[in-house]
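Read the structure below first, then the notes.
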Amino acid sequence: MEEALQRRVQRYGWDKAAQYYETLWQQQLKPAHNSMFALAQISVGEKIIDTACGTGLISFRALEATGVDGYVLGTDISDKMIELCMQVAKMNKSENCRFERMDAELLVAGDGEFDVSLCALGLMYMPNPVRALQEMFRVIKHGGRCVVSVWGKRPHCGWASIFEIVDKRVTSEVCPMFFNLGNDGMLERSMKMAGFSDIVLEKINTHLQYKSAEEACAAAFEGGPVALAYHKFSDVVKKEVCEEYLQSIEAYKHENGYTIPGEFVIGKGSR
0 MEEALQRRVQ
10 RYGWDKAAQY
20 YETLWQQQLK
30 PAHNSMFALA
40 QISVGEKIID
50 TACGTGLISF
60 RALEATGVDG
70 YVLGTDISDK
80 MIELCMQVAK
90 MNKSENCRFE
100 RMDAELLVAG
110 DGEFDVSLCA
120 LGLMYMPNPV
130 RALQEMFRVI
140 KHGGRCVVSV
150 WGKRPHCGWA
160 SIFEIVDKRV
170 TSEVCPMFFN
180 LGNDGMLERS
190 MKMAGFSDIV
200 LEKINTHLQY
210 KSAEEACAAA
220 FEGGPVALAY
230 HKFSDVVKKE
240 VCEEYLQSIE
250 AYKHENGYTI
260 PGEFVIGKGS
270 R
(Lines of atoms letter the chains of each structure in order from A and count residues from 1; the text may use other names and numbers.)
(Lines give C-alpha, C1' and ligand atoms only; values in the text may rest on other atoms or scores of the structure.)
Protein backbone atom coordinates (compact mmCIF):
# COMPACT_ATOMS: atom_id res chain seq x y z
CA MET A 1 0.00 0.00 0.00
CA GLU A 2 1.25 3.50 -0.85
CA GLU A 3 2.49 5.21 2.35
CA ALA A 4 0.27 8.29 2.17
CA LEU A 5 -2.79 6.09 1.65
CA GLN A 6 -1.82 3.88 4.57
CA ARG A 7 -1.55 6.92 6.82
CA ARG A 8 -4.99 8.15 5.75
CA VAL A 9 -6.51 4.72 6.37
CA GLN A 10 -5.01 4.65 9.85
CA ARG A 11 -5.94 8.24 10.66
CA TYR A 12 -9.59 7.99 9.73
CA GLY A 13 -9.88 4.37 10.83
CA TRP A 14 -8.81 5.18 14.36
CA ASP A 15 -11.11 8.20 14.34
CA LYS A 16 -13.92 5.69 13.81
CA ALA A 17 -12.59 3.30 16.47
CA ALA A 18 -11.84 5.91 19.13
CA GLN A 19 -15.15 5.75 21.02
CA TYR A 20 -15.00 1.94 21.27
CA TYR A 21 -11.29 1.34 21.75
CA GLU A 22 -10.79 1.73 25.48
CA THR A 23 -13.94 -0.13 26.52
CA LEU A 24 -13.18 -3.10 24.26
CA TRP A 25 -9.38 -3.30 24.50
CA GLN A 26 -8.16 -1.92 27.83
CA GLN A 27 -8.24 -5.24 29.70
CA GLN A 28 -7.11 -7.22 26.65
CA LEU A 29 -3.93 -5.14 26.29
CA LYS A 30 -3.10 -4.93 29.98
CA PRO A 31 -0.49 -7.75 29.97
CA ALA A 32 1.50 -5.91 27.29
CA HIS A 33 1.17 -2.60 29.13
CA ASN A 34 2.27 -4.14 32.43
CA SER A 35 5.35 -5.63 30.81
CA MET A 36 6.21 -2.32 29.17
CA PHE A 37 6.11 -0.47 32.47
CA ALA A 38 8.20 -3.12 34.21
CA LEU A 39 10.87 -2.64 31.53
CA ALA A 40 10.59 1.15 31.32
CA GLN A 41 11.21 1.70 35.05
CA ILE A 42 9.96 5.26 34.91
CA SER A 43 11.35 7.51 37.63
CA VAL A 44 9.79 10.57 39.23
CA GLY A 45 10.52 13.71 37.24
CA GLU A 46 11.27 12.10 33.88
CA LYS A 47 10.08 13.44 30.53
CA ILE A 48 8.21 10.85 28.47
CA ILE A 49 6.87 10.71 24.92
CA ASP A 50 4.11 8.21 24.13
CA THR A 51 3.87 7.65 20.38
CA ALA A 52 0.59 6.29 18.99
CA CYS A 53 -0.95 7.07 22.36
CA GLY A 54 -4.54 6.22 21.42
CA THR A 55 -6.89 7.13 24.24
CA GLY A 56 -3.98 7.61 26.64
CA LEU A 57 -3.96 4.23 28.39
CA ILE A 58 -0.15 4.36 28.53
CA SER A 59 0.17 8.15 28.69
CA PHE A 60 -1.81 8.65 31.89
CA ARG A 61 -0.16 5.68 33.55
CA ALA A 62 3.24 7.19 32.67
CA LEU A 63 2.07 10.56 33.98
CA GLU A 64 1.23 8.99 37.32
CA ALA A 65 4.64 7.28 37.46
CA THR A 66 6.64 10.42 36.65
CA GLY A 67 4.69 12.59 39.10
CA VAL A 68 4.09 16.32 39.25
CA ASP A 69 7.72 17.10 38.40
CA GLY A 70 7.64 15.02 35.23
CA TYR A 71 6.06 15.54 31.85
CA VAL A 72 4.28 13.43 29.21
CA LEU A 73 3.72 14.19 25.54
CA GLY A 74 1.19 11.91 23.86
CA THR A 75 1.02 11.79 20.06
CA ASP A 76 -1.32 10.00 17.70
CA ILE A 77 -2.32 10.16 14.04
CA SER A 78 -6.03 10.25 15.00
CA ASP A 79 -7.71 13.55 15.85
CA LYS A 80 -10.45 11.75 17.78
CA MET A 81 -7.95 9.87 19.94
CA ILE A 82 -6.18 13.12 20.80
CA GLU A 83 -9.49 14.81 21.60
CA LEU A 84 -10.35 12.03 24.06
CA CYS A 85 -6.95 12.34 25.75
CA MET A 86 -7.35 16.08 26.10
CA GLN A 87 -10.79 15.62 27.64
CA VAL A 88 -9.40 13.21 30.24
CA ALA A 89 -6.47 15.51 31.00
CA LYS A 90 -8.84 18.44 31.49
CA MET A 91 -11.19 16.37 33.67
CA ASN A 92 -8.26 15.25 35.85
CA LYS A 93 -6.74 18.75 35.85
CA SER A 94 -3.47 17.29 34.59
CA GLU A 95 -1.20 20.20 33.68
CA ASN A 96 2.13 18.46 33.08
CA CYS A 97 1.03 16.67 29.92
CA ARG A 98 0.22 17.57 26.32
CA PHE A 99 -1.47 15.69 23.49
CA GLU A 100 -0.97 16.44 19.80
CA ARG A 101 -1.88 14.85 16.49
CA MET A 102 1.42 13.87 14.95
CA ASP A 103 2.93 11.46 12.43
CA ALA A 104 5.06 8.90 14.29
CA GLU A 105 7.60 9.00 11.46
CA LEU A 106 8.08 12.75 11.82
CA LEU A 107 7.84 13.69 15.49
CA VAL A 108 7.70 17.41 16.21
CA ALA A 109 10.14 17.29 19.11
CA GLY A 110 13.74 18.24 19.71
CA ASP A 111 16.71 15.89 19.65
CA GLY A 112 17.32 14.34 23.07
CA GLU A 113 14.27 16.02 24.59
CA PHE A 114 12.92 13.01 26.50
CA ASP A 115 14.15 10.43 28.98
CA VAL A 116 11.76 7.69 27.86
CA SER A 117 9.97 6.85 24.62
CA LEU A 118 6.97 4.51 24.67
CA CYS A 119 4.89 3.00 21.88
CA ALA A 120 2.22 0.48 22.84
CA LEU A 121 0.96 -1.65 19.94
CA GLY A 122 1.29 1.10 17.37
CA LEU A 123 4.26 0.18 15.19
CA MET A 124 2.30 -2.44 13.22
CA TYR A 125 0.17 0.29 11.64
CA MET A 126 3.00 2.51 10.44
CA PRO A 127 4.15 2.48 6.81
CA ASN A 128 7.81 2.50 7.87
CA PRO A 129 8.28 1.17 11.43
CA VAL A 130 12.07 1.57 11.32
CA ARG A 131 11.67 5.25 10.48
CA ALA A 132 9.28 5.62 13.42
CA LEU A 133 11.79 3.87 15.69
CA GLN A 134 14.52 6.21 14.42
CA GLU A 135 12.37 9.12 15.51
CA MET A 136 11.85 7.55 18.94
CA PHE A 137 15.64 7.12 19.13
CA ARG A 138 16.28 10.71 18.07
CA VAL A 139 14.06 12.34 20.68
CA ILE A 140 15.50 10.53 23.71
CA LYS A 141 18.63 11.56 25.56
CA HIS A 142 21.89 9.62 25.56
CA GLY A 143 21.28 7.00 28.22
CA GLY A 144 17.53 7.21 27.60
CA ARG A 145 15.40 4.18 26.83
CA CYS A 146 12.62 3.18 24.50
CA VAL A 147 10.03 0.48 25.18
CA VAL A 148 7.65 -0.73 22.49
CA SER A 149 5.15 -3.55 22.12
CA VAL A 150 3.73 -5.27 19.05
CA TRP A 151 1.43 -8.21 18.40
CA GLY A 152 3.25 -11.53 17.99
CA LYS A 153 3.19 -14.08 15.20
CA ARG A 154 0.03 -14.39 13.14
CA PRO A 155 -0.53 -18.11 14.00
CA HIS A 156 -0.37 -17.20 17.70
CA CYS A 157 -3.16 -14.61 17.42
CA GLY A 158 -6.52 -16.35 17.11
CA TRP A 159 -8.34 -13.20 15.97
CA ALA A 160 -6.05 -12.64 12.95
CA SER A 161 -8.71 -13.76 10.45
CA ILE A 162 -10.30 -10.28 10.57
CA PHE A 163 -7.75 -9.00 8.07
CA GLU A 164 -8.41 -11.69 5.48
CA ILE A 165 -12.17 -11.34 5.96
CA VAL A 166 -12.08 -7.57 5.39
CA ASP A 167 -9.41 -7.63 2.67
CA LYS A 168 -11.65 -9.82 0.50
CA ARG A 169 -14.17 -6.98 0.42
CA VAL A 170 -11.94 -3.95 -0.15
CA THR A 171 -9.64 -2.89 -2.97
CA SER A 172 -6.40 -2.82 -0.94
CA GLU A 173 -5.09 -4.56 2.15
CA VAL A 174 -6.00 -2.89 5.44
CA CYS A 175 -2.76 -3.62 7.36
CA PRO A 176 -0.46 -5.40 4.90
CA MET A 177 2.49 -6.00 7.26
CA PHE A 178 0.62 -6.14 10.56
CA PHE A 179 2.28 -9.28 11.98
CA ASN A 180 5.75 -8.79 10.50
CA LEU A 181 7.33 -7.27 13.61
CA GLY A 182 6.05 -10.18 15.71
CA ASN A 183 8.04 -12.73 13.70
CA ASP A 184 11.27 -14.09 15.16
CA GLY A 185 14.00 -11.47 15.31
CA MET A 186 12.11 -8.76 13.43
CA LEU A 187 11.50 -6.33 16.29
CA GLU A 188 15.08 -6.66 17.54
CA ARG A 189 16.44 -6.18 14.01
CA SER A 190 14.27 -3.10 13.49
CA MET A 191 15.37 -1.56 16.77
CA LYS A 192 19.02 -2.18 15.91
CA MET A 193 18.52 -0.56 12.50
CA ALA A 194 17.08 2.48 14.28
CA GLY A 195 20.21 2.79 16.43
CA PHE A 196 19.20 1.19 19.72
CA SER A 197 21.60 -0.90 21.79
CA ASP A 198 21.24 -3.19 24.84
CA ILE A 199 18.03 -4.55 23.37
CA VAL A 200 15.89 -6.78 25.60
CA LEU A 201 12.90 -8.75 24.29
CA GLU A 202 9.99 -10.42 26.04
CA LYS A 203 7.20 -12.58 24.62
CA ILE A 204 3.87 -12.87 26.39
CA ASN A 205 1.25 -15.49 25.63
CA THR A 206 -2.17 -14.18 26.56
CA HIS A 207 -5.89 -14.70 25.99
CA LEU A 208 -8.50 -12.20 24.93
CA GLN A 209 -11.71 -12.70 26.88
CA TYR A 210 -15.08 -11.79 25.40
CA LYS A 211 -18.41 -12.32 27.12
CA SER A 212 -20.44 -12.75 23.94
CA ALA A 213 -20.35 -12.95 20.16
CA GLU A 214 -21.47 -9.31 20.00
CA GLU A 215 -18.56 -8.18 22.17
CA ALA A 216 -16.04 -10.23 20.16
CA CYS A 217 -17.27 -8.74 16.89
CA ALA A 218 -17.36 -5.21 18.26
CA ALA A 219 -13.72 -5.46 19.37
CA ALA A 220 -12.64 -6.94 16.04
CA PHE A 221 -14.50 -4.61 13.71
CA GLU A 222 -15.53 -1.42 15.53
CA GLY A 223 -12.75 -0.82 18.03
CA GLY A 224 -9.73 -1.99 16.07
CA PRO A 225 -7.63 -1.69 12.91
CA VAL A 226 -10.35 -2.48 10.37
CA ALA A 227 -12.87 0.06 11.69
CA LEU A 228 -12.75 2.36 8.66
CA ALA A 229 -13.52 -0.41 6.16
CA TYR A 230 -16.17 -1.91 8.44
CA HIS A 231 -18.04 1.39 8.81
CA LYS A 232 -18.20 1.72 5.03
CA PHE A 233 -19.83 -1.71 4.62
CA SER A 234 -23.56 -2.03 4.10
CA ASP A 235 -25.60 -3.64 6.88
CA VAL A 236 -25.71 -6.84 4.83
CA VAL A 237 -21.93 -6.99 4.48
CA LYS A 238 -21.44 -6.13 8.17
CA LYS A 239 -23.59 -9.13 9.04
CA GLU A 240 -21.63 -11.32 6.61
CA VAL A 241 -18.20 -10.40 8.01
CA CYS A 242 -19.34 -10.89 11.60
CA GLU A 243 -20.72 -14.33 10.80
CA GLU A 244 -17.52 -15.28 8.98
CA TYR A 245 -15.38 -14.01 11.86
CA LEU A 246 -17.39 -15.94 14.44
CA GLN A 247 -16.92 -19.08 12.37
CA SER A 248 -13.17 -18.48 12.38
CA ILE A 249 -13.05 -18.25 16.20
CA GLU A 250 -15.54 -21.06 16.84
CA ALA A 251 -12.77 -23.22 18.33
CA TYR A 252 -12.33 -20.67 21.14
CA LYS A 253 -15.99 -20.50 22.08
CA HIS A 254 -17.27 -21.67 25.45
CA GLU A 255 -20.52 -21.27 27.31
CA ASN A 256 -19.41 -17.96 28.83
CA GLY A 257 -18.18 -16.39 25.60
CA TYR A 258 -14.80 -16.62 23.86
CA THR A 259 -11.22 -17.09 25.04
CA ILE A 260 -9.02 -16.21 22.06
CA PRO A 261 -5.23 -16.74 22.16
CA GLY A 262 -2.88 -13.86 21.50
CA GLU A 263 0.80 -13.02 21.73
CA PHE A 264 2.70 -9.82 22.47
CA VAL A 265 6.35 -9.04 21.84
CA ILE A 266 7.90 -6.32 24.00
CA GLY A 267 11.19 -4.66 23.16
CA LYS A 268 13.41 -2.33 25.16
CA GLY A 269 16.39 -0.47 23.75
CA SER A 270 18.78 2.21 24.95
CA ARG A 271 20.50 5.16 23.35
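Numbering follows numbering that gives the first Met the number 0, with no gaps: position 174 of the sequence shown is 173.
We put the CB at the ideal spot given by N, CA and C, even for glycine.
Checklist entry - So, are the CB atoms of residue 186 and residue 256 less than 8 Å apart? => result No.
Checklist entry - Secondary structure at residue 94, three-state DSSP: helix, strand or coil? => result coil
Next on the checklist: Among the candidates 212, 250, 264, whose CA atom is the shortest distance from the CA of residue 121?
Outcome noted: When the alpha-carbon of residue 121 is set against those of 212, 250, 264, the nearest one is in 264.
Item to check | Boundaries of the alpha helix (DSSP H) in which residue 113 is found, first to last residue | outcome: Note, residue 113: premise wrong, no alpha helix (DSSP H); beta strand (DSSP E) at 113–119.
Checklist entry - Looking at the structure shown, is residue 130 part of a helix, part of a strand, or coil, going by DSSP? => result helix
Checklist entry - DSSP state of residue 161, grouped into three classes? => result helix
Checklist entry - Which residue comes first and which comes last in the alpha helix (DSSP H) that contains residue 241? => result Where residue 241 is concerned, the enclosing alpha helix (DSSP H) stretches over 234–247.
Checklist entry - What separation, rounded to the nearest whole angstrom, lies between the Cα atoms of residue 117 and residue 147? => result Across the structure, residue 117 and residue 147 are spaced so that their CA atoms are roughly 6 Å apart.
Checklist entry - Between the Cα of residue 261 and the Cα atoms of 113, 206, 172, which residue gives the shortest distance? => result 206
Next on the checklist: Which runs of the alpha helix (DSSP H) at least 4 residues long sit entirely within the segment 9–43? Give them in chain order.
Outcome noted: none
Next on the checklist: For residue 183 and residue 198, I'd like the C-alpha separation in whole angstroms.
Outcome noted: 14 Å
Next on the checklist: Rounding to the nearest angstrom, what Cα-Cα distance links residue 115 and residue 188 in this structure?
Outcome noted: Those two C-alpha atoms are separated by around 20 Å.
Item to check | CB of residue 138 within 8 Å of CB of residue 110, strictly | outcome: yes
Next on the checklist: If I follow the unbroken beta strand (DSSP E) through residue 267, where does it start and stop?
Outcome noted: 256–269
Checklist entry - Looking at the structure shown, is residue 169 part of a helix, part of a strand, or coil, going by DSSP? => result coil
Item to check | DSSP beta-bridge partners of residue 75 | outcome: 100
Checklist entry - With DSSP run on the structure shown, which of helix, strand or coil describes residue 146? => result strand
Checklist entry - Leaving out five residues before and five after residue 66 in sequence, what residues of the same chain have Cβ atoms less than 7 Å from its Cβ? => result 43, 44
Checklist entry - Which residues bound the beta strand (DSSP E) around residue 207? => result 196–209
Item to check | Counted within 10 angstroms of its Cβ, other Cβ atoms place residue 29 as buried (16 or more) or exposed | outcome: With fewer than 16 other Cβ atoms inside 10 Å of its own Cβ, residue 29 counts as exposed.
Checklist entry - Would you report the Cα separation of residue 268 and residue 159, rounded to the nearest angstrom? => result 28 Å
Checklist entry - What separation, rounded to the nearest whole angstrom, lies between the Cα atoms of residue 142 and residue 270? => result 5 Å
Next on the checklist: Contact between the segment 79–92 and the segment 121–137 is defined here as three or more beta-carbon pairs at a separation below 8 Å; is this criterion met?
Outcome noted: Judged by pairs of C-beta atoms under 8 Å, the segment 79–92 does not touch the segment 121–137, as fewer than three such pairs exist.
Next on the checklist: Spatial neighbours of residue 258 within its chain, please: C-beta separation below 7 Å, excluding the five flanking residues on both sides.
Outcome noted: 206, 208, 251
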